[in-house]
Structure formats: structure tokens, C-alpha cells
Amino acid sequence: MLLARLRVPDVPAPAAHAHSSWSQLRDGLRYLAGRRSLGRLVAVIGLGEMCFSGPVGAALVLPTDERGWQPGTLSLLLGAFSVAGAAAGLALTLVRRVPAPRTLLAASLTATGALVAALGLARPGPGAAVALCALLGAASGVPMVLGHALLQQWTEPAYTGRVTSVTALCTLGLSPLLLPLAGLVAAARGAGVFLAGCGAVCLLAAALALSLPAGPRA
Numbered sequence: 002m003l004l005a006r007l008r009v010p011d012v013p014a015p016a017a018h019a020h021s022s023w024s025q026l027r028d029g030l031r032y033l034a035g036r037r038s039l040g041r042l043v044a045v046i047g048l049g050e051m052c053f054s055g056p057v058g059a060a061l062v063l064p065t066d067e068r069g070w071q072p073g074t075l076s077l078l079l080g081a082f083s084v085a086g087a088a089a090g091l092a093l094t095l096v097r098r099v100p101a102p103r104t105l106l107a108a109s110l111t112a113t114g115a116l117v118a119a120l121g122l123a124r125p126g127p128g129a130a131v132a133l134c135a136l137l138g139a140a141s142g143v144p145m146v147l148g149h150a151l152l153q154q155w156t157e158p159a160y161t162g163r164v165t166s167v168t169a170l171c172t173l174g175l176s177p178l179l180l181p182l183a184g185l186v187a188a189a190r191g192a193g194v195f196l197a198g199c200g201a202v203c204l205l206a207a208a209l210a211l212s213l214p215a216g217p218r219a
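Laid out in C-alpha cells, this is it:
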């Protein structure tokens, strides 16, 4: 239903000497290089999301095993995270205007960092862990939706695809590299330390979000 209502403006494509994927990626990088605020926004999205595109989900398996929880508890953890994140994202799409997007972006990333670190270091019981995962999903859902909404608002329509591709490379492209790191850190120091590290990355993204322009444009 949402896709059926989507309207894409008919805009001319930017001039390019080639139409390969690499040339389009270079176009996107050049476009971002000339727009520093937009580049910082891409960095905020990349730092805020790359831990949640797989590493955190995989890392939740490790404390489940370390603490002797049942497999059903892991299902509840992942389910609470996913459902709460989807609900928060859907609720945000119904808001016509966010009065202070930079502040909300930084606040939600700060909450995300604190919650993921608490999940790893506080050693909650199964019930409290499920509640923390629900809060974590809701908190992390806000910057995902808001960040991409700002990205589309600040990017010229002709370059939306190229900039989105660069952003996807920073999130989905880099997150698999963190999966072996999650295993190595967990084996050496425990899963809690890895989750705390993910929290620190989110706090870095929050600090960078505060440097974004307060106005509606980059």
C-alpha cells in the first residue's frame, strides 16, 4: 500500500561519462564531497546503523548462550527488538513535521548507545533483557527513519540514488566486517564488551549528529 502511494519526480539524470556502477558510485562520492553537511549526515547514518544490520543480532546469540537462557528467550529478544523498531519507524512516518530533527536524531542515538551497552554490561535477567530489547528497537528505529528522511530531503532528486548507494555501502556493506569482530571480541572478553563497543559507536554518531545544521537544508 505504501509503495502504491509513492510518487517519484521525473528529473533528468546527472551527466556522467559512463553508466557503470563504479562510475555512479564515484559520482555520489563527488557530490557528497562538495556538500559537507550531507556528508556528515551519511556518516551519522552509517555509524548509527552498521552495528544493527547484523552484528547486534548475532551478538545477542552469545549472551544467550553465556547466561544459559533457553532458545525461546533469544526468539523473544529478537522479536521484541524487531517489532518495537518497526512500530517506532511507522509512528514516525505519521508525523508531518519534526520540529528539531538534529536534536531528536542525537537524542535517539544516545538512547540507543546507552541501551545496547546496558544490555551487554548490566547482565539483566531474561524478562528485563526482553524489555531492554524492545526499548532498544524503539530507540534505534527513530534515527533509521529520520536519518534517511533527512537524506532524501537534503539531496537533489537527480542524485538521490547515488547518495543512497553510498549510504548503503556504509551500513549494509560494512556491517558484515563486524561479524567476525563480534566473535573475536566475545571469545576474548565476552559478548558484553562487544555490545558496549556498539554503544560507543552510537554515541559517536550522536555527537556527530549535533554538528548537523539546525535548518531544513544542508
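Numbering (the numbering used here), first residue to last: 2 to 219. For each residue, glycine too, the CB sits at the ideal point set by N, CA and C. As the structure is a prediction and not an experimental result, all values here were calculated from the model.
- Excluding its 5 nearest sequence neighbours in each direction, Ala139 has C-beta neighbours in its own chain below 6 Å: Ala85 and Ala89, listed in chain order.
- With contacts defined by Cβ atoms closer than 8 Å, Gln153 and Thr161 form a contacting pair.
- The Cβ atoms of Pro100 and Leu151 lie no closer than 8 Å to each other.
- The alpha-carbon of Val164 is positioned some 42 Å away from that of Trp70.
- Just so you know, the alpha carbons of Gly198 and Thr94 end up roughly 30 Å apart.
- Under the three-pair Cβ rule at 8 Å, the stretch 119-133 does not count as touching the stretch 168-184.
- Residue environment for Pro181: exposed (fewer than 16 other C-beta atoms within 10 angstroms of its C-beta).
- If you look at Phe53, you'll find it isn't in any alpha helix (DSSP H); DSSP assigns it neither H nor E.
- Val131 sits in a helix when the DSSP states are folded into three classes.
- Put simply, of Gly114, Pro127 and Ser166 the residue whose alpha carbon is nearest the alpha carbon of Gly142 is Gly114.
- Under the DSSP assignment, Leu95 falls outside any alpha helix (DSSP H); it carries neither an H nor an E label.
- Between Leu204 and Thr111, the gap from beta carbon to beta carbon is short of 8 Å.
- Rounded to whole angstroms, the separation of the alpha carbons of Leu211 and Pro144 is 13 Å.
- Cys134 and Ala81 have their alpha carbons spaced roughly 6 Å apart.
- Rounded to whole angstroms, the separation of the alpha carbons of Val117 and Val131 is 12 Å.
- Residue environment analysis places Asp28 among the buried positions, since at least 16 neighbouring C-beta atoms fall within 10 angstroms of its C-beta.
- From the listed residues Val45, Val202 and Leu63, the smallest Cα separation to Thr168 is found for Val45.
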